[in-house]
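Q: Take this structure first; my questions come after.
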Amino acid sequence: QQSNVTSYGATIVAITTLEAFAGMWINAFIVCVLCIGWVRKKALNSNEKILLLLGCSRFCSLCISWAYSFLSIIYPNYLYVRPILQLAIFFEAFFSHCNLWVSACLCVFYCIKIANFRNRCFIYLKVRIDRMVLWLFLGSGILALTIGIVAYDVADKPHCNNRNSTGQGNFGRANIKMDKHFFPSFFLSGFGYAASFMAVILSALFLLFSLWRHKCKMQTNSMKDLSVDAHIRAMKSIFSFLVMYSINFICLVLKMVYVTKKRSYVTFLIIVFEYTFPGLHSLILIFSNPKLEKTLLKILP
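Under full-length UniProt numbering, the first residue of the sequence shown carries the number 1, and numbering increases by one thereafter.
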């Protein structure tokens, strides 16, 4: 049975569909190019491993989020049944936080790999960072899985099965009161955002300081310095992510406040940005990577 779709709901479906499919195409492109290179070379470097996992997590996150939004607005009767709703929220929370943590891992990787410091701890990390990538993946997966389980538990509460849905949000999209059952999910979600946000900020500051020190040492050298170029490319990726991550963090806080609001302009803007972020940042990563950029320019008309 099809629900009565309002103009507000139809607008959200139209915009999120365009943004989600554009983001899925961009991330699918990253995954395909890296997988083809993997098959040809029989190996991937650490940077490519992070980009591959990031592309996969963002593709899955966009796919599940779009399907959830579409069903919750157009066919809510097919969504708000147990255990479809609970599983949808679990997978959305899992892939969303995988996306955030792997993105933070990419920023930390750029910082450790490119920045130049003589500190013993930093040198130790620089030497072993390639071996630590898999452990970073494991830690990101465990944290995302924890948040996903909590989200599933919250969605499994009887008061979350109300069908008067706003259609949007991560953990509590139903039009319900924010009571004590929501604090664990909001707390863990907020902690995940804040911790990964701090990792990105520190990476950007360390990389900026390293670039400043290196340029001071190279002022008398008129030759083109490859280290400076590497710093600048990494800074573009990290600072672009930092700006979007800052907006994303603000959206999380606002979403907690407006989770029970229906047809709010703030909620609408939050939804639009949440679907823009995965595709836009991945596009910036493509143009920061010579291999991906060259392949993209070849297939574009």
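Virtual Cβ for every residue (Gly too), placed ideally from N, Cα, C. If you're wondering where the values come from, they're calculated on a predicted model, not measured in any experiment.
1) With respect to the alpha helix (DSSP H) encompassing N45, which residues constitute its N-terminal and C-terminal limits?
2) Report yes if the C-beta distance between F197 and I147 is below 9 Å; otherwise report no.
3) Is C105 buried or exposed, if buried means 16 or more other CB atoms sit within 10 Å of its CB?
4) Using only alpha-carbon positions, find the residue among F187, Y245, L211, F186 that is nearest to I201.
5) Once DSSP output is grouped into helix, strand and coil, what is the label at R82?
6) Would you kindly report the start and end of the unbroken alpha helix (DSSP H) that includes L138?
7) Output the boundary residues of the alpha helix (DSSP H) element that contains F287.
8) So what does DSSP say about F187, is it helix, strand or coil?
9) For T11, which of helix, strand or coil comes out of DSSP?
10) May I have the straight-line CA-CA distance separating C111 from A194, to the nearest angstrom?
11) Using CA atoms only, rank isn't needed, just tell me which of A88, P83, G55 is closest to W66.
12) Can you tell which of K49, V81, I247 has its C-alpha closest to the C-alpha of R131?
13) Closest to F268 by C-alpha separation, out of V108, T6, I12, would be which residue?
14) Put A115 into one of helix, strand or coil per three-state DSSP.
15) Report back the beta-carbon spacing between S57 and E92 to the nearest angstrom; my notes put them in contact at under 8 Å.
16) S300: buried (16+ other C-beta within 10 angstroms of its C-beta) or exposed?
17) Here's the rule I'm using: 16 or more other beta-carbon atoms within 10 Å means buried, otherwise exposed. How should K291 be labelled?
A: According to the structure shown:
1) Taking the first residue of the sequence shown as 1, we reach residue 45 at position 45. Boundaries cannot be given for N45, as no alpha helix (DSSP H) includes it and DSSP labels it neither H nor E.
2) Here residue 197 refers to the residue found at position 197 of the sequence shown. Here residue 147 refers to the residue found at position 147 of the sequence shown. Against a cut-off of 9 Å, the Cβ pair of I147 and F197 comes out as no contact.
3) Looking up residue 105 in the sequence shown gives position 105. Buried, since its Cβ has 16 or more Cβ neighbours within 10 Å.
4) One-based indexing of the sequence shown puts residue 201 at position 201. If we check each option's Cα against that of I201, Y245 comes out closest.
5) Here residue 82 is taken as the residue at index 82 of the sequence shown, counted from 1. Reduced to three states, the DSSP call for R82 is coil.
6) Residue mapping note: residue 138 aligns to position 138 of the sequence shown, counting from 1. Per DSSP, L138 is one residue of the alpha helix (DSSP H) stretching across 120–155.
7) Working through the sequence shown from its first residue, we reach residue 287 at position 287. Run containing F287: 265–288, per the alpha helix (DSSP H) assignment.
8) As a position in the sequence shown, residue 187 is number 187, starting the count at 1. In this structure, F187 counts as helix in the three-state DSSP scheme.
9) To locate residue 11, count along the sequence shown from 1; it is residue 11. DSSP, read as helix, strand or coil, puts T11 in helix.
10) Taking the sequence shown and counting its residues from 1, one reaches residue 111 at position 111. Taking the sequence shown and counting its residues from 1, one reaches residue 194 at position 194. Roughly 19 Å between the two C-alpha positions.
11) Counted from its first residue, the sequence shown places residue 66 at position 66. Of A88, P83, G55, the residue nearest in Cα terms is A88.
12) Reading the sequence shown from its first residue, position 131 is the one you call residue 131. Ranked by Cα distance from R131, the first of K49, V81, I247 is K49.
13) Counting from 1 along the sequence shown, the entry for residue 268 is found at position 268. Minimum Cα distance to F268 is reached at I12.
14) Along the sequence shown, read from residue 1 onward, the residue named residue 115 stands at position 115. If DSSP states are grouped into helix, strand and coil, A115 belongs with coil.
15) Numbered from its first residue, the sequence shown carries residue 57 at position 57. Numbered from its first residue, the sequence shown carries residue 92 at position 92. About 12 Å; that fails the 8 Å criterion.
16) Numbered from its first residue, the sequence shown carries residue 300 at position 300. Note that residue 300 is Leu in the sequence shown, not Ser. A residue is called buried when at least 16 other Cβ atoms come within 10 angstroms of its Cβ; L300 does not meet this threshold and is exposed.
17) As a working mapping, residue 291 is identified with position 291 in the sequence shown. With fewer than 16 Cβ atoms within 10 Å of its Cβ, K291 is classed as exposed.
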